[in-house]
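>
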Amino acid sequence: MRPNRYPYNKKPKRSNREVVVEIVTPYLEYVSEIAKKETQSKEKNKHIEVYIQLRKGLSPKEWDDLNGLYEHLLFEKKRKLTKGLALDPSEIEAFRSHAQRLSEINE
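Quick note: to get this note's numbering, add 24 to the position in the sequence shown (first position is 1).
(1) Just the C-alpha distance for F99 and E86, rounded to the nearest angstrom, thanks.
(2) If you run the structure through DSSP and keep just helix, strand and coil, what is R38?
(3) At which residue ranges does the region 85–118 contain complete beta strand (DSSP E) runs of 3 or more residues, listed in the order of the chain?
(4) Is DSSP giving L82 helix, strand or coil here?
As structure tokens, this is what we get:
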């Protein structure tokens, strides 16, 4: 008679497929997370490289002109967004008092 090497512990045996799924699923999640982080870092590096190339390609005067254009575009966007918005005196006073309280906290 054959010896009982693996005593029965009354638990149903898991199939190989269940074991593989249990191992592979977290691994695939880990791999997808790594790939996502890698693409994000590549995208970030791409933007940095474009900035460096632009910075090297422009003279200081051209760079200042580009900064001026950027500030102008931001100002125009802000102006368009706030066009037609006005605060009444009570809102202005509330805003001012809130700003004063914040400045006192920061000091």
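Note that beta-carbon positions come from the ideal geometry of N, C-alpha and C, so glycine has one too.
Working from what's here:
(1) Taking the sequence shown and counting its residues from 1, one reaches residue 99 at position 75. Taking the sequence shown and counting its residues from 1, one reaches residue 86 at position 62. Distance between the alpha carbons of F99 and E86: 20 Å.
(2) Along the sequence shown, one-based indexing puts residue 38 at 14. In this structure, DSSP gives R38 a state outside helix and strand, which the three-state scheme calls coil.
(3) none
(4) Looking up residue 82 in the sequence shown gives position 58. If DSSP states are grouped into helix, strand and coil, L82 belongs with coil.
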